[in-house]
Structures are given as C-alpha cells and as structure tokens.
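Q: Our numbering numbers the first residue of the sequence shown as 2 and each following residue consecutively.
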Amino acid sequence: MKQMRKLLKLLCSRMVIVGLLIAVQVVWFLVFLFRLTRYSVGINIFFTGLSVIALLFIINRRDNPAYKLAWAVPVLVFPLLGGLLYLMFGTKRPLKGLRNRLDTAKKRLHPDLKQSPGVLEEIQKQDARIAGQVRYLSGIGFPVHKNTQAEYYESGEANFPVFVEELKKAEHFIFMEYFIIEEGVMWNTILDILKEKAAAGLDVRLIYDDVGCLNLLPSNYFKTMEEYGIQCIAFNPFIPIFSVVMNNRDHRKIMVIDGHTAFTGGINLADEYINVKKRLGYWKDTGIMLKGEAVWNLTVMFLETWNGIRPTDTDITCFKPQKWHPGEFESDGFVQPYGDSPLDEETVGENVYLNIINMAERYVYIFTPYLIIDHEMITALCLAAKRGVDVRIVTPNVPDKKIIFWMTQSYYSWLADAGVKIYQFTDGFIHAKCFVCDDEIATVGTINMDFRSLYLHFENGVLLYRNRAVMQVKKDAVDTIERSTPLSVEMVRKRPFVRLLQAVLRLFAPLM
Numbered sequence: 002m003k004q005m006r007k008l009l010k011l012l013c014s015r016m017v018i019v020g021l022l023i024a025v026q027v028v029w030f031l032v033f034l035f036r037l038t039r040y041s042v043g044i045n046i047f048f049t050g051l052s053v054i055a056l057l058f059i060i061n062r063r064d065n066p067a068y069k070l071a072w073a074v075p076v077l078v079f080p081l082l083g084g085l086l087y088l089m090f091g092t093k094r095p096l097k098g099l100r101n102r103l104d105t106a107k108k109r110l111h112p113d114l115k116q117s118p119g120v121l122e123e124i125q126k127q128d129a130r131i132a133g134q135v136r137y138l139s140g141i142g143f144p145v146h147k148n149t150q151a152e153y154y155e156s157g158e159a160n161f162p163v164f165v166e167e168l169k170k171a172e173h174f175i176f177m178e179y180f181i182i183e184e185g186v187m188w189n190t191i192l193d194i195l196k197e198k199a200a201a202g203l204d205v206r207l208i209y210d211d212v213g214c215l216n217l218l219p220s221n222y223f224k225t226m227e228e229y230g231i232q233c234i235a236f237n238p239f240i241p242i243f244s245v246v247m248n249n250r251d252h253r254k255i256m257v258i259d260g261h262t263a264f265t266g267g268i269n270l271a272d273e274y275i276n277v278k279k280r281l282g283y284w285k286d287t288g289i290m291l292k293g294e295a296v297w298n299l300t301v302m303f304l305e306t307w308n309g310i311r312p313t314d315t316d317i318t319c320f321k322p323q324k325w326h327p328g329e330f331e332s333d334g335f336v337q338p339y340g341d342s343p344l345d346e347e348t349v350g351e352n353v354y355l356n357i358i359n360m361a362e363r364y365v366y367i368f369t370p371y372l373i374i375d376h377e378m379i380t381a382l383c384l385a386a387k388r389g390v391d392v393r394i395v396t397p398n399v400p401d402k403k404i405i406f407w408m409t410q411s412y413y414s415w416l417a418d419a420g421v422k423i424y425q426f427t428d429g430f431i432h433a434k435c436f437v438c439d440d441e442i443a444t445v446g447t448i449n450m451d452f453r454s455l456y457l458h459f460e461n462g463v464l465l466y467r468n469r470a471v472m473q474v475k476k477d478a479v480d481t482i483e484r485s486t487p488l489s490v491e492m493v494r495k496r497p498f499v500r501l502l503q504a505v506l507r508l509f510a511p512l513m
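What follows is the structure, given as structure tokens:
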C-alpha cells in the first residue's frame, strides 16, 4: 500500500506531468513535420534550404567549436529537420523579455561596482601574473577588494551551523539566491529564521530556480513565501512547452546578510548537502563565508537579478558593507567575487579556470562533479601537466547522473595520457567546485566544469589571492585526494559498448 502511494505521488508530481506534456508536443511536432514534408517537394526544398542557411550561420558564429559541431552534425544528418530545430532551439541566451530586463538592471546597478586603483597596483607589485587575472575580472565589472576576511568550509555540515548563526544575527536585510531548495531539516531551520526576521520588519528576499526546485517544492511556492512576509521570486518559471530557453537556469548560491557578511559555494539548501539525507553515499561539498568589502560584489549580483525581474530599488547604497558595520573591516589578502551569465559572449567562469591553469607553476588541484570540457580546457590541462605542473582532478565515484558520469569518464584517458592525475572520490559524490594553485590563488564557487555551467547558467565564484582561505582549500584538497581512488584507465577501456556510447554522447555534450 505504501509503495502504491509513492507511485501515485510520483505519477501526479509536477515533473512527471510536465514531462508528459512536453513528450506529447515533441511527438506531435515530429508527426506534423513528417506528414508535411511527405506530400510536397516544394516544402522539402524549403526546409533543406533552411538547413543550408542554418549551417552557414553556425559555421560563421563566434561560438565554441564544440557547440558548433554539435549542431552541424544533426543539420547535416537530418537536412529536412536540422535547420528548423536550430532556428527554434539554437540560441543559448534567455528569452528576449527576460534578457532585456536583466540587461537593463545590470546597466543601472553595475556602475556601483567600482575598482580601487590602489588595490590593483599593490597586486601588480606582488605578482604580475596574478594581476592579469584580477585585472581581467575587474575590467568586466568585478572589482578585487582588500579589507575582507574569508573562511572556507570543507563540508555542508561544517558550513550549516555558521549559516544559522549568522542569519540569527541579521538586523536589517537578508538576500538569498539558490538553485535548489528542498523542504527538510536544513531548509526548515533556515525558513523559521527568515519568517522570524521578516515578521520583525527586516527586508528578506529569496530567489529560487524554478527548474532546480521542480520536483522539490510545491508549484507557486513563492506565494507561500510572500504570505510569510518573505519577498520571493521563482527564477525563469518552468512552463510545459518544448523550448530550449528553459536551459538558462539560475545556478548561483548567494546569501548576503546586512551587506557585510555573505556565503557562497556549491551548497544548496537541501538535506543531502549536509548529509542528513544519504542519497549517493557521503555528499562532499564546500562553501565560503566572506566578511568585509568584497561582499558588495555578491550583493550587487543579487540585486541585478532581483531588479531585473521585480524592479524595487532606485538607490542601492543602503546595502553597502559599511552601512551597517561599525568600525573598520579586518583585511586578509585579496578577495574578488565574480559572476557569469549567458547574457553576453563572455565565458567568465571558464576564463578564470583557464587563467589559473595557464599560470600554474607547481600544482593545481581541482574539485568538480562533472568533467565535460571543450578543446581549450583539455589543451590547457594537458599542457600544464606536460610542462611539469602537478595537475590533479577529483570527480565523484558515485554518480548522480549515469550518462553524465560516462561522459566525464570519457575524458580520463586523454588527460591521463598527458600526465593529469584523476581521482574518484571514494566515499560518494563530490559536488564541490574549487581550484587551488601554487599556495597563492584559489577559487570557490558554483561553476562546474561542464557546458551547462560554463555557457548556459547564471553562476558565481570567489577568487582568493594570498588569503588564508587559499591554504584551507589546499588542505581540504590534499585530504580529499587521500580519500579518493586514483584513476584506472583500464577499467574504462574494458567496456567497448560504454566507450562507443561515450563517443556519441561527447559529440552532443554541448547541447545536454
């Protein structure tokens, strides 16, 4: 009886209903197109011509070669259908309306992110290579700061009590932006605090991604939050229409408290992230807390998204770090929070990773749940290893998505042949997204090493230079590598069917 109720609940879930509706649309579209082209030579010629035009457009676009190849193949193989599919689904950018609103908010608010010239000059004197990295991010609107402390957390369960402690201290406002929220111990604990703070008159705002929470929260959950006094937005609400614009998700994890304290990292607000619920063995994740001037970058990122969807703020100076913080901030090295989005052609997340790999002299250690990378990233990793850099990558041993796991493994032999050391996290699933390099620079954030994170999603990270958190990341990387299994290339090569499937999947990886 219990199993029957579970099955009935699953069949009535929002995800299943939406999936069935989309499947019906896909079948209808294919049947309609088949019948249309079957009875008219003129229509066949039109669709074939459309495919030729689409192919020329794909080739001449300023786009990643892997993405262009992934579209060129179906256009060539299915000349009657490929061009139409590309016309309908070839864009990587959000819907025009959403894009325009977010662009407008960014143009209005982003000028409040101003770089202190003295900080850049100080880094230039210390290390010209690092100065190039931070100057790149500063030049696209993400200033580097001093007067900031950073604390790194090697797990969700280590980070969670600090979340709670700092939320309880909030006196003026709380901003939260998360990809996944699921009712349970973690979220319910946080929600109780948010309700209490909202009732006390604090400005409490929440953004959650509608697709990320599709099967985890009730439909129109934002209305429930509004009833509690929590201002809430469901980002890019999912509608049961066969459309690629649903690919652009808000994958960020940002919590800002009173403008002077912030959290980010890989940790979402669900129980597996703090290992209260065991889903894939031990869930390894990481987070970081910032206190000081660098919090302003994350505050503005949140406000740009918020005001792009619900214009609220005409003046955002009241949210600056110094507004509600008496006295000076303590300084510890340099901290540079940054964001990435599909609104422009700037692949910020990938560029940060490439710059770190290319400047590495002794080592670069990497955590990533997915390793689905383009030729530029493969080349950078292989060249670093070949010039003597100790390159180590930790990926999961227990996958959350089997097909994605096979695709991740398909890159192992190529990288290993060049000297890259690959490990699988023995205890379960690693969801962390971290780089640490040469005891001097690190980044912690939300950006996976896959096409979705690097090209389609709204993401964020924190670059750290000569901050004590850099060595905290390194210690965690060394400890995690000791708890991981070195790559066995032979294990992958013994499965010819899987390797054939991997070859096909890798071709279409940019579209997945």
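Cβ atoms here follow ideal geometry from the backbone N, Cα and C, with glycine treated the same way.
By Cβ distance below 7 Å, which residues in the same chain neighbour K108 in space, the five residues on each side in sequence not counted?
A: To locate residue 108, count along the sequence shown from 1; it is residue 107. Once the five neighbours on either side are set aside, K108 has no close Cβ partner at all.
Q: Secondary structure at V163, three-state DSSP: helix, strand or coil?
A: Within the sequence shown, the letter at position 162 stands for residue 163. Three-state result, V163: helix.
Q: In the DSSP assignment, find the beta strand (DSSP E) that holds R393 and state where it starts and stops.
A: Your numbering for residue 393 matches position 392 in the sequence shown. Element bounds for R393: 391 to 397.
Q: For E441, name the three-state secondary structure that DSSP assigns.
A: Position 440 of the sequence shown, counting from 1, holds the residue named residue 441. Three-state result, E441: coil.
Q: Going straight from the alpha carbon of Q150 to that of T380, what length do you get?
A: Sequence index remark: in the sequence shown, residue 150 carries index 149 (1-based). Sequence index remark: in the sequence shown, residue 380 carries index 379 (1-based). Rounded to the nearest angstrom, the two C-alpha atoms are 35 Å apart.
Q: Beta carbon of Y466, beta carbon of V135: below 8 Å?
A: For the purposes of this step, residue 466 is taken as residue 465 along the sequence shown, with counting starting at 1. For the purposes of this step, residue 135 is taken as residue 134 along the sequence shown, with counting starting at 1. Yes. Within cutoff.
Q: Apart from the five residues just before and just after E329, which ones in its own chain have a Cβ nearer than 8 Å to its Cβ?
A: Position 328 of the sequence shown, counted from the start, is the residue given in the question as residue 329. Only N148 meet the Cβ criterion.
Q: Helix, strand or coil for V120 per DSSP?
A: Taking the first residue of the sequence shown as 1, we reach residue 120 at position 119. V120 falls in the helix class under three-state DSSP.
Q: With a 10 Å radius around its C-beta and 16 neighbouring C-beta atoms as the bar for buried, classify E273 as buried or exposed.
A: Position 272 of the sequence shown, counting from 1, holds the residue named residue 273. Buried is the call here.
Q: Output the distance between the C-alpha atoms of N196 and L203, rounded to the nearest integer angstrom.
A: Counting from one through the sequence shown, the residue named residue 196 turns up at place 195. Counting from one through the sequence shown, the residue named residue 203 turns up at place 202. Per the sequence presented here, residue 196 reads as Lys, with Asn not at that position. For K196 and L203, the distance between alpha carbons rounds to 10 Å.
Q: Look up F498 in the DSSP assignment and say whether it is helix, strand or coil.
A: Counting from 1 along the sequence shown, the entry for residue 498 is found at position 497. In this prediction, F498 scores a pLDDT of 49, lower than 50, which makes its location untrustworthy; no coordinate-derived value is stated.
Q: I'd like to know whether the C-beta atoms of G213 and F180 end up nearer to each other than 8 Å.
A: Position 212 of the sequence shown, counted from the start, is the residue given in the question as residue 213. Position 179 of the sequence shown, counted from the start, is the residue given in the question as residue 180. The answer is yes: Cβ separation under 8 Å.
Q: Measure the C-alpha to C-alpha separation of E351 and M450 and round it to an integer number of angstroms.
A: Residue numbering aside, residue 351 sits at position 350 when the sequence shown is read from its first letter. Residue numbering aside, residue 450 sits at position 449 when the sequence shown is read from its first letter. If I take the Cα positions, the gap works out to 8 Å.
Q: If the criterion is Cβ atoms closer than 8 Å, does the pair L281 and F436 meet it?
A: On the sequence shown, position 280 is the one that residue 281 refers to. On the sequence shown, position 435 is the one that residue 436 refers to. Going by C-beta atoms, L281 is not nearer than 8 Å to F436.
Q: Which same chain residues, not among the five before or five after A361, have their C-beta less than 8 Å away from its C-beta?
A: Working through the sequence shown from its first residue, we reach residue 361 at position 360. Cβ neighbours of A361 beyond the five flanking positions: A385, V390, V392, C438, D439.
Q: Of the residues H146, L114, I46, which one's Cα is nearest the Cα of E331?
A: Mapped onto the sequence shown, residue 331 falls at position 330. Ranking the options by Cα distance to E331, first place goes to H146.
Q: What does DSSP give as the partner residue(s) for F264 in the beta ladder?
A: Here residue 264 corresponds to residue number 263 of the sequence shown, with the count starting at 1. DSSP lists M256, M290 as partners of F264.
Q: Rounded to the nearest angstrom, what separates F498 and Q125 at their Cα positions?
A: The residue labelled residue 498 in the question sits at position 497 within the sequence shown. The residue labelled residue 125 in the question sits at position 124 within the sequence shown. The pLDDT assigned to F498 is 49, lower than 50, so where the model puts this residue is not dependable, and the model offers no usable value.
Q: Helix, strand or coil for W284? Go by DSSP, reduced to three states.
A: Taking the first residue of the sequence shown as position 1, residue 284 is located at position 283. Three-state result, W284: strand.
Q: Mind checking E57: buried by the 16 CB within 10 Å criterion, or exposed?
A: Mapped onto the sequence shown, residue 57 falls at position 56. Just to set this straight, residue 57 is Leu in the shown sequence, not Glu. L57 comes out exposed.
Q: Beta strand (DSSP E) containing Q150: first to last residue?
A: Sequence index remark: in the sequence shown, residue 150 carries index 149 (1-based). Note, Q150: beta strand (DSSP E), 149 to 154.
Q: Reducing DSSP to helix, strand and coil, say where Y222 ends up.
A: As a working note, residue 222 is residue 221 in the sequence shown. Helix at Y222.
Q: Return yes when the Cβ of P322 is within less than 8 Å of the Cβ of G293, no when it is not.
A: Looking up residue 293 in the sequence shown gives position 292. Looking up residue 322 in the sequence shown gives position 321. Cβ atoms of G293 and P322: closer than 8 Å.
Q: For Y371, I'd like the list of residues in its chain whose CB is within less than 7 Å of its CB, leaving aside the five on either flank, ordered along the chain.
A: Position 370 of the sequence shown, counting from 1, holds the residue named residue 371. For Y371, where only same-chain residues beyond five positions count, the Cβ hits under 7 Å are I405, T409, N449, M450, D451.
Q: With contact counted as at least three CB pairs below 8 Å, one residue from each stretch, are the segment 289 to 307 and the segment 112 to 126 in contact?
A: Cβ pair count under 8 Å is three or more, so yes.
Q: Please classify D286: is it buried, with 16 or more other beta-carbons within 10 angstroms of its beta-carbon, or exposed?
A: Counting from one through the sequence shown, the residue named residue 286 turns up at place 285. With 16 or more other Cβ atoms within 10 Å, it is buried.
Q: Tell me the rounded alpha-carbon separation between G185 and R100.
A: Within the sequence shown, the letter at position 184 stands for residue 185. Within the sequence shown, the letter at position 99 stands for residue 100. Cα to Cα, the separation comes out at about 33 Å.
Q: Let me confirm a value: A470 is counted as buried when at least 16 other C-beta atoms fall within 10 Å, else exposed. Which label applies?
A: Against the sequence shown, residue 470 aligns to sequence position 469. The residue in question, A470, is buried, as its Cβ has 16 or more Cβ neighbours within 10 Å.
Q: Span of the beta strand (DSSP E) holding D418?
A: In the sequence shown, residue 418 corresponds to position 417, counting from 1. Looking at the DSSP string, D418 is not in any beta strand (DSSP E); the run it does join, the alpha helix (DSSP H), is 413 to 418.
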